[in-house]
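Here is the structure we will look at, set down as structure tokens.
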Amino acid sequence: MPLVSARIRVLVVDDEPCNLELIREYLDGQAYLLTVAHDGAEAWALLDDAEQHFDLLVLDRMMPRVDGMEVLRRVARTPRLSGLPVIMQTAAATPDQVREGLAAGARYYLTKPYEPDALLAIMKSALDESRRHREIQLQYDSLRQAMSLLAGAEFAFSTLAEAAQLASLASLAAPQPGNIVMGLSELLINAVEHGNLGISYAEKSRLRMDECWEEEVERRLLLPENAGKRARLSIARSDGELRYTISDHGGGFEFERYLDFDPARAFDPNGRGIAMARQLSFQRLEYREGGRVVVAVVNLQ
């Protein structure tokens with residue numbers, strides 16, 4: 315039975331009817347149109363139908379016939395579904411299983427059993443990321459040819475909106491902007507929220523769970539101690555490379571912890587941006603000055 319709004323379509327896949335009913339109960343009254351599938355084969359029949367559209371996939375890992383990992387692999391091989399955010403839910407997951415899921419495209423994890431707030435928070439995080447990606451993609455089409463001629467540029471920015479706009483524009487300097495735009499966006503957002511405004515990893519997790527992250531960013535931007543703080547982005551094209559250098563006013567951080575997808579953080583609503591940028595967007599990611607400066611490199615040859 316559909317929920318109250320058709321604006322956000324969610325496909326939930328689980329072979330246990332009681333789990334599907336529980337998710338229905340958790341999402342009751344929320345702005346989602348819920349479609350359910352009872353195994354991977356049924357889910358893939360829906361996903362493979364070009365007339366069907368889903369904004370989010372909540373996928374059980376262990377199922378008969380076609381399991382969750384096989385559904386993930388099929389999604390990854392289908393260009394039409396490449397931007398579909400996926401939340402993997404599982405009763406138990408070893409670090410190796412989580413790594414396998416992350417590598418296949420499941421950026422978000424939920425461990426059964428979970429509370430309604432955990433489900434809602436991680437759904438919002440996944441949908442927010444997907445929305446940012448779509449908005450950025452729409453912005454850069456008309457400027458792509460001109461920006462490919464860029465030799466160098468300097469920018470200053472201070473808000474999340476400016477970071478998103480700048481990622482859209484700056485990615486056009488690369489040969490394949492679609493490959494780097496989300497990674498660049500994550501690095502620019504980090505410079506604002508973590509660098510300039512001092513929002514820690516734990517604080518962002520809590521703010522995401524409470525659905526007030528953007529409001530807290532806006533509040534901190536207005537504090538006297540943050541007045542005039544602007545992060546910097548420079549772009550340089552030389553020696554067969556395109557280099558994006560981002561700096562902020564923070565004190566640095568333990569960037570080594572975030573360079574790879576960490577199974578221990580897979581169940582948090584945040585903490586994937588740097589690993590995504592390093593593994594999916596850039597050929598090299600180099601942190602300097604204790605993490606206050608990052609250089610993201612795209613090979614041009």
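Residues in the sequence shown are numbered consecutively from 315, following my numbering. Glycine residues also receive a C-beta, built at the ideal position from the N, C-alpha and C atoms.
Check, Outcome
"Rounded C-beta distance between Ala-351 and Ala-357? I'm assuming under 8 Å.", "4 Å"
"Rank Gly-587, Arg-579, Gly-554 and Ser-482 by C-alpha distance to the C-alpha of Leu-547 and give the top, closest one.", "Ser-482"
"With the cut-off set at 9 Å, would you say Glu-603 and Ile-549 are in Cβ contact?", "no"
"Under 6 Å Cβ to Cβ from Met-377, same chain only, skipping five residues before and after it: list those, please.", "Asp-329, Asp-353 and Gly-354"
"Go ahead and pull the three-state DSSP assignment for Met-315.", "Low per-residue confidence applies at Met-315: pLDDT is 36, beneath 50, and the placement is therefore not dependable, though the value from the model is reported in the following sentence. DSSP places Met-315 in coil when its eight states are reduced to three."
"Would you mind listing the alpha helix (DSSP H) stretches within the segment 370-428 that are 4+ residues and don't spill past its ends, in chain order?", "382-390 and 409-418"
"According to DSSP, is Pro-331 helix, strand or coil?", "helix"
"Give the range of the alpha helix (DSSP H) segment to which Gly-492 is assigned.", "491-504"
"Write down every uninterrupted run of the alpha helix (DSSP H) in the segment 520-558 whose length is 4 residues or greater and which is fully enclosed by it, in chain order.", "527-535"
"Since Gln-346 sits in a beta bridge, which residues does DSSP pair it with?", "Per the sequence shown, residue 346 should be read as Tyr rather than Gln. Per DSSP, none; premise fails for Tyr-346."
"Looking only at its own chain, which residues have a Cβ that is under 8 Å from the Cβ of Pro-409, when we skip the five neighbours before and after it?", "Pro-577 and Ala-578"
"Taking DSSP as the reference, what is the three-state secondary structure of Leu-599?", "strand"
"Who does Phe-471 pair with in a DSSP beta bridge?", "Ala-545"
"Between the Cα of Leu-498 and those of Arg-375, Asp-431, Met-590 and Gly-466, spot the shortest distance and give me the residue it belongs to.", "Met-590"
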